[in-house]
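Have a look at the structure below before the remarks.
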Amino acid sequence: MQIDIIGVPVDLGADRRGVDMGPSAIRYAHLQNKLEDLGYTVDDKGNVEVAIAEMCSISEPKLKYIDCIVPMGRRVAGAVSTSAQAGHFPLVLGGDHSLAFASIRGAAKHKKLGVIWVDAHADFNTPATTPSGNIHGMPLAAIAGFGDRRLVQLWDETVPVVDPRRIAVIGARDLDPGEKTNLREAGVMVQSMEQIDRHGMYQTVMKAIERVSRDVDGIYLSFDMDALDPRHAPGVGTPVPAGLTQREGHLVCELVAETGKLLGMDLVEVNPILDVQNQTAILAVDFALSELGRRVWNGDGA
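Numbering of the sequence shown is given in my numbering, commencing with residue 24 and proceeding in unit increments.
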């Protein structure tokens, strides 16, 4: 299988600068070499063109930088669609999580998808519920058919891109009030940190996989590094305490990989300005390797 690395150096969806350097930080952590060591053919497609904030305006406070994010989204969706159509595996590096409204649309052009969204936040706000106007809090809602038409439709009339009943959020612990209402109305599965604490990571992830994999062609994993506890991943723009451990993050990736249905992946919200010795980017690379087959031990427990 060929893996296509697609960088999206976007920070327009977030309040904190620096996340646009995330793709470079992840590459610097030897992503390509380590994937090749697993036996994959890897083609780094470079970065999708993204406007800088200084060249954009905030014409709509509830949809900050929308006029620059939508054109970026079309380019991201096109790059991912091209990769998926060729039978390759698109590995999308962020950048803030706003890019996912486009990456998943691109992958879903050719396949019916379920989505696993690993994140401290559900990113299911709309202009009516957002407290900040930051679009990185809206991409999952857009994928599910909720929110502004420009994000929901992007380049065609297919709405929703993914059936909300085939979406599972894992690791949530910071949800806005209106966002909770949206999630309930949509029928999205939300596996919060409380549920992980009560039932364990294995059962939580398996329940999510069972839900999203019904009647679909494959699974798309969108992994926000702020799902991790800040002790493990300090280099993120919106850290939330009491998150996943490194081992729990790996387990998500390993269990999804074992389904044999994974068709694409986002790794987002790495902010090297806030990081410590690039440890968040290094951990992101480790998660990609787990998602693509690396194991500490491939035998049984005997």
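Beta carbons are placed, not taken as given, at the ideal position from N, Cα and C, and that holds for glycine. Values in this document were obtained by computation on a predicted structure and should not be read as measured data.
- Rounded to whole angstroms, the gap between the alpha carbons of glutamine 269 and glutamine 226 is 17 Å.
- Judged by DSSP in its simplified three-state form, serine 215 adopts strand.
- For glutamine 269, the enclosing alpha helix (DSSP H) covers residues 269–281.
- DSSP, read as helix, strand or coil, puts serine 245 in strand.
- For the options Ala256, Pro264, Glu292, His120, the alpha carbon positioned closest to that of leucine 306 is the one of Ala256.
- In the structure shown, glycine 101 adopts helical secondary structure according to DSSP, grouped into three states.
- The Cβ atoms of alanine 145 and leucine 198 lie closer than 8 Å to each other.
- For the pair valine 275 and alanine 164, the Cα-to-Cα distance works out to about 22 Å.
- Counting along the chain, phenylalanine 112 sits inside no alpha helix (DSSP H); it lies in the beta strand (DSSP E) bounded by residues 112–117.
- Residue burial is scored here from C-beta neighbours: threonine 204 has fewer than 16 other C-beta atoms within 10 angstroms and is therefore classed as exposed.
- Cα atoms of valine 103 and leucine 177: separation of roughly 14 Å, rounded to the nearest angstrom.
- Secondary structure within the region 132–162: the beta strand (DSSP E) runs of 3 or more consecutive residues, fully enclosed, are 136–141 (chain order).
- Shown here, alanine 191 sits in a strand according to DSSP, grouped into three states.
- Judged by DSSP secondary structure, glutamine 302 falls within the alpha helix (DSSP H) whose first and last residues are 302–314.
- For the pair isoleucine 127 and serine 245, the CB atoms are nearer than the 8 Å cut-off.
- With a cutoff of 8 Å on beta-carbon distance, valine 33 and glycine 117 are scored as near each other.
- Going by DSSP, lysine 57 is part of the alpha helix (DSSP H) stretching over 54–60.
- In this structure, DSSP gives glycine 45 a helical state, which the three-state scheme calls helix.
- By the CB criterion at 8 Å, phenylalanine 124 and leucine 174 fall inside the cutoff.
- Between the C-alpha atoms of glutamate 202 and threonine 153 there is a straight-line separation of about 8 Å.
- Looking at the backbone, the Cα of alanine 265 and that of glutamine 218 are separated by about 13 Å.
- Isoleucine 81: not part of any alpha helix (DSSP H); DSSP gives it neither H nor E.
- For the pair glycine 260 and asparagine 301, the CB atoms are not nearer than the 8 Å cut-off.
- Between tyrosine 88 and leucine 122, the gap from beta carbon to beta carbon reaches 8 Å or more.
- Residue state for leucine 290 is assigned as strand, using DSSP reduced to three classes.
- Straight through space, the alpha carbons of arginine 317 and lysine 57 are spaced by roughly 10 Å.
- Inclusion of methionine 248 and phenylalanine 112 in the CB contact set at 8 Å is not warranted, their separation being larger than that value.
- Under the three-state reduction of DSSP, valine 228 is assigned to helix.
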